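There are 2 protein chains.
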Amino acid sequence: MTISPFAPKSFPRLEPVAGFDMAVAETGVRYKDRSDLWVLRGIPGTQIAGVFTKSLMPGAPVDWSRRALLSPDNPDKPRILVVNSGNANVFTGSAGAQATELTAKVAEKIFDTEQKSVMLASTGVIGEILDVEKIVRSLPNMVQTMDVNLWEEAANAIATTDTYPKGATASCEIHGVPVRINGIAKGSGMIAPDMATMLGFIATDAKIGQSALQTILSGFTQLTFNAITVDSDTSTSDTVLLAASGAADHPIISDAHDSALHDFKNALLNVMLGLAHQIIKDGEGASKFISIDVKGAVSDESARTIAMSIGNSPLVKTAIAGEDANWGRIVMAIGKSGEPADPEKLSVSIGPHLLAENGQLAETYKEEHGATYMKRDYIELSIDIGLGQGSYTAWTCDLTHRYIVINADYRS
Amino acid sequence: MTISPFAPKSFPRLEPVAGFDMAVAETGVRYKDRSDLWVLRGIPGTQIAGVFTKSLMPGAPVDWSRRALLSPDNPDKPRILVVNSGNANVFTGSAGAQATELTAKVAEKIFDTEQKSVMLASTGVIGEILDVEKIVRSLPNMVQTMDVNLWEEAANAIATTDTYPKGATASCEIHGVPVRINGIAKGSGMIAPDMATMLGFIATDAKIGQSALQTILSGFTQLTFNAITVDSDTSTSDTVLLAASGAADHPIISDAHDSALHDFKNALLNVMLGLAHQIIKDGEGASKFISIDVKGAVSDESARTIAMSIGNSPLVKTAIAGEDANWGRIVMAIGKSGEPADPEKLSVSIGPHLLAENGQLAETYKEEHGATYMKRDYIELSIDIGLGQGSYTAWTCDLTHRYIVINADYRS
Numbered sequence: 096m097t098i099s100p101f102a103p104k105s106f107p108r109l110e111p112v113a114g115f116d117m118a119v120a121e122t123g124v125r126y127k128d129r130s131d132l133w134v135l136r137g138i139p140g141t142q143i144a145g146v147f148t149k150s151l152m153p154g155a156p157v158d159w160s161r162r163a164l165l166s167p168d169n170p171d172k173p174r175i176l177v178v179n180s181g182n183a184n185v186f187t188g189s190a191g192a193q194a195t196e197l198t199a200k201v202a203e204k205i206f207d208t209e210q211k212s213v214m215l216a217s218t219g220v221i222g223e224i225l226d227v228e229k230i231v232r233s234l235p236n237m238v239q240t241m242d243v244n245l246w247e248e249a250a251n252a253i254a255t256t257d258t259y260p261k262g263a264t265a266s267c268e269i270h271g272v273p274v275r276i277n278g279i280a281k282g283s284g285m286i287a288p289d290m291a292t293m294l295g296f297i298a299t300d301a302k303i304g305q306s307a308l309q310t311i312l313s314g315f316t317q318l319t320f321n322a323i324t325v326d327s328d329t330s331t332s333d334t335v336l337l338a339a340s341g342a343a344d345h346p347i348i349s350d351a352h353d354s355a356l357h358d359f360k361n362a363l364l365n366v367m368l369g370l371a372h373q374i375i376k377d378g379e380g381a382s383k384f385i386s387i388d389v390k391g392a393v394s395d396e397s398a399r400t401i402a403m404s405i406g407n408s409p410l411v412k413t414a415i416a417g418e419d420a421n422w423g424r425i426v427m428a429i430g431k432s433g434e435p436a437d438p439e440k441l442s443v444s445i446g447p448h449l450l451a452e453n454g455q456l457a458e459t460y461k462e463e464h465g466a467t468y469m470k471r472d473y474i475e476l477s478i479d480i481g482l483g484q485g486s487y488t489a490w491t492c493d494l495t496h497r498y499i500v501i502n503a504d505y506r507s
Numbered sequence: 096m097t098i099s100p101f102a103p104k105s106f107p108r109l110e111p112v113a114g115f116d117m118a119v120a121e122t123g124v125r126y127k128d129r130s131d132l133w134v135l136r137g138i139p140g141t142q143i144a145g146v147f148t149k150s151l152m153p154g155a156p157v158d159w160s161r162r163a164l165l166s167p168d169n170p171d172k173p174r175i176l177v178v179n180s181g182n183a184n185v186f187t188g189s190a191g192a193q194a195t196e197l198t199a200k201v202a203e204k205i206f207d208t209e210q211k212s213v214m215l216a217s218t219g220v221i222g223e224i225l226d227v228e229k230i231v232r233s234l235p236n237m238v239q240t241m242d243v244n245l246w247e248e249a250a251n252a253i254a255t256t257d258t259y260p261k262g263a264t265a266s267c268e269i270h271g272v273p274v275r276i277n278g279i280a281k282g283s284g285m286i287a288p289d290m291a292t293m294l295g296f297i298a299t300d301a302k303i304g305q306s307a308l309q310t311i312l313s314g315f316t317q318l319t320f321n322a323i324t325v326d327s328d329t330s331t332s333d334t335v336l337l338a339a340s341g342a343a344d345h346p347i348i349s350d351a352h353d354s355a356l357h358d359f360k361n362a363l364l365n366v367m368l369g370l371a372h373q374i375i376k377d378g379e380g381a382s383k384f385i386s387i388d389v390k391g392a393v394s395d396e397s398a399r400t401i402a403m404s405i406g407n408s409p410l411v412k413t414a415i416a417g418e419d420a421n422w423g424r425i426v427m428a429i430g431k432s433g434e435p436a437d438p439e440k441l442s443v444s445i446g447p448h449l450l451a452e453n454g455q456l457a458e459t460y461k462e463e464h465g466a467t468y469m470k471r472d473y474i475e476l477s478i479d480i481g482l483g484q485g486s487y488t489a490w491t492c493d494l495t496h497r498y499i500v501i502n503a504d505y506r507s
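Quick note, the sequences are listed as chains A and B, same order.
For the first sequence, our numbering gives the first residue as 96, with consecutive numbering after it.
For the second sequence, our numbering gives the first residue as 96, with consecutive numbering after it.
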């Protein structure tokens, strides 16, 4: 496996988050000689917020967790998370549903909690029956090895085609009380904008009510995990969870707009953006990290559609892989987005260089500017639609030979 | 240039169509030592129907032709067509509009017709100013070399990254009178479903009113050129024109639903489908020709959205390139389409093999069935959504290394 050129030298140092411990295990469901199962446990009173794939073919674990989290009639507060990698338990019929139920039942006994307190997530191959026995057999040992200091091991356990484990951390204060936020994520293909990315898990010791937590998570997901695309393909397993143990000793916060959360929100946004960017930097075959800033659109939603039309265009992405400042393809992608735009009012820049304005090539632009700029690893595209105040920033990677290698050979 | 493995041994024999003659020329706008300009002339009374890109960044020739054809206040019946390749004259500002006007003006004098009788189409690089002088200089010689027997030369003149010229022909009868239909097309990248393909031109000697002709062309475009996708990227230059000289000696037909057109419609659909399939077979980097049959959707439009979601999925297309019967990715693509679907009611087949039904892998399916089938050049995917009567068939090709090679290096 070729490691992404954007891989960090080492995993960031993630200190323990008060109120959480965890364990990892090797079940052998698909992979040999590596951990593929992670359990995260929050103390009683832990609050969890979640966002899930909008796919109409969601995996059985997504169905389970969505019900556990969002059913108004679930009296059990979710606080245990069981995640396996290698098999996504998607399109596995009644066997898939039985596997999720069995996992939750066994976890219930082992962790002395309620069944609907157990949240599940799976990632990996679609359509193969999950050998759930291998998972439930591993759980009793895990409860013996729970530890507060296993974040890097957890990030490795949830990985599939990832070429490096992804983690981010931040600390902040709420009412003067120090609070920590840790997050891990996985994903490098089947990453698309219609929901969260494949899997992201964030834990904090902040004391925030579930409803406020959900509002904050949903809003920030739109600006982070929903703002990235590797290949326009939306996963059946996308799940992002934010768990707050409430172990921090500040007054509980129930309103998402409480000004005491100012510092916390900045820190959380940084963690989520850090994870989202790490997913793009590990995008299958990525050799360039691309940011797409759109402004001047008729609305933020319009700006998002335009940014994603550019970010999902195979012709734009192959041009950037070829280090070609092919702004014509950017114009094409704006044109096919279906959003209001006018060639005469549009401008397109690459890094500091204005390429196109007033419906044609900018007079100041020289091909060698673009040619030099495109050799960089980090490419910034800036589009001004010139019609309104709507803006959005999306991130993607280029489309290279290695994407084809990875995906033409993934299952075999 | 590597010729597509699907290229026919030779260009089909296209007999003259009564009422049309044509010429080709080498202008040197971009290419050396090959023709890049085509003029088609219909006799006075010729009727033309057209469909154009829905891109909001259309090329100047699209703007010109759309106005000439569709403006209710244009008294000049279009009957001359001037097509150049190598430069699309897109995003070229006022210079682009002036180039179209000048071309039409010069053609007006040379062909002794009205200015708005001249239709234009261009294909090639986006954003470079078209050296229109080279085009208008070539026109006087062309009028001296007009000929009825240059269809293959015309198909070559309009090509860009095409690896073979594309033509199709059919004959039929209207009211017992023999009628001929010839078509040529170009395109192998930036081919996507939101409109016609890049360029397609069809000529017939049938005597059909413009309104009926437009109705027939629009309807059939939805089932042919709009049913193909190479890479999900919609061109700024897409244009399909159907010209009817009326030279055939049958009573004029003004109603698109006239039963006398039964035979003609079959023949026209075959020509359009033949051209659309040839474009997919020359899809950039294509090694597999893929048909996607969707039935049982809640509507035909829903079936189309699902078929296109599959046909545009990079993960489905790379799996097929890798000869992997990865039906999980097909399920993923159905799930992300946003259209009504239910895993429990869905079935997925590849060729004669049922892969998935009742929300899981079909019991009768064996991996070796899929492995053997996927070695074929022609791959048939059949999806039954199991909810209604809606159906649609789309065609695409696989996503291979050669697509990246072609598109990372196109401009440089």
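Cβ atoms here follow ideal geometry from the backbone N, Cα and C, with glycine treated the same way.
Nothing here was measured: the structure is a model prediction, and the numbers come from that model.
The alpha-carbon separation between Ala-263/B and Val-366/B amounts to approximately 5 Å.
DSSP lists Ala-392/B as the beta-bridge partner residues of Gly-485/B. It is roughly 11 Å from the alpha-carbon of Ile-375/A to the alpha-carbon of Thr-319/A. Of all residues in the segment 446–477 of chain A, the ones placed with a Cβ closer than 9 Å to any Cβ belonging to chain B are Leu-450, Ala-451, Asn-453, Gly-454, Gln-455, Leu-456 and Ala-466, in chain order. As summarised for the segment 160–211 of chain A, the continuous beta strand (DSSP E) elements at least 3 residues long and confined to that stretch are 175–182, given in chain order.
Judged by beta-carbon spacing, Cys-492/B lies within the 8 Å limit of Phe-384/B, meaning their Cβ atoms are closer than that value. Pro-173/A has a beta carbon lying at 8 Å or more from every beta carbon in chain B. Around His-496/B, the beta-carbon contacts reaching into chain A at under 9 Å are His-496, Ile-499, Val-500 and Ala-503. Counting along the chain, no alpha helix (DSSP H) covers Gly-145/A; the unbroken beta strand (DSSP E) around it starts and ends at 142–147. Linking Ser-444/A to Leu-245/B through their CA atoms gives a straight-line distance of about 44 Å. Contacts between Phe-320/B and chain A, judged by CB atoms closer than 8 Å, are missing: the closest CB pair is about 15 Å apart. In this structure, Pro-438/B keeps its C-beta atom at 8 Å or more from the C-beta atom of Gly-423/B. Chain B places a beta carbon closer than 8 Å to that of Gly-188/A, counting this residue as a contact. Between Leu-482/A and Ala-398/A, the C-beta spacing is not below 8 Å. Closest by C-alpha distance to Gln-142/B, out of Ile-401/B, Asp-171/B and Lys-470/B, is Asp-171/B.
Counting of Cβ neighbours within 10 angstroms places Ser-354/A among the exposed residues, the total staying below 16. DSSP, read as helix, strand or coil, puts Asn-502/A in helix. In the pairwise beta carbon analysis, the segment 127–141 of chain B is classified as not touching the segment 152–168 of chain B: fewer than three pairs are separated by under 8 Å. Pro-273/B is bridged by DSSP to Glu-268/B. Proximity to Leu-441/B across Ile-429/B, Gly-433/B and Pro-447/B peaks at Ile-429/B, based on C-alpha coordinates. For the segment 149–161 of chain A, the set of positions with a beta-carbon nearer than 8 Å to some beta-carbon of chain B reads Lys-149, Ser-150, Leu-151, Met-152 and Pro-153 in chain order. By the criterion of a C-beta distance shorter than 8 Å, Ile-501/A is surrounded in its chain by Thr-256, Gly-284, Glu-379 and Gly-380, once the five residues flanking it on both sides are discounted. Residues of chain B whose Cβ lies closer than 9 Å to the Cβ of Pro-346/A do not exist, since the nearest Cβ in that chain is about 42 Å away.
The alpha-carbon of Asp-350/A is positioned some 9 Å away from that of Leu-356/A. Taking C-beta atoms as the reference points, Leu-176/A and Ile-205/A fail to come closer than 8 Å.
Counting along the chain, His-372/B sits inside the alpha helix (DSSP H) bounded by residues 357–376. Taking 8 Å as the cut-off, the Cβ atoms of Leu-164/A and Pro-173/A count as close. Within the segment 255–267 of chain A, no residue places its CB atom closer than 8 Å to a CB of chain B. In the DSSP assignment, the residues bridged to Arg-136/A are Asp-116/A and Ile-175/A. At a beta-carbon threshold of 9 Å, none of the residues of chain B lie near Ala-194/A; the nearest stands roughly 12 Å away. Runs of the beta strand (DSSP E) lying entirely within the segment 423–461 of chain B and spanning at least 3 residues, in chain order: 442–445 and 448–452. Bounds of any beta strand (DSSP E) do not take in Val-227/B; it lies within the alpha helix (DSSP H) bounded by 227–239.
Using a CB distance cut-off of 8 Å, Val-185/B counts as an interface residue toward chain A. In the three-state scheme derived from DSSP, where H, G and I count as helix and E and B as strand, Thr-122/A is classed as coil. Close to chain B, meaning a Cβ-Cβ distance shorter than 8 Å, are the following residues of the segment 212–240 of chain A: Val-220, Ile-221, Gly-222, Glu-223 and Ile-224. Sorting Asn-321/B, Val-119/B and Leu-368/B by C-alpha distance to the C-alpha of Glu-396/B places Asn-321/B at the top.
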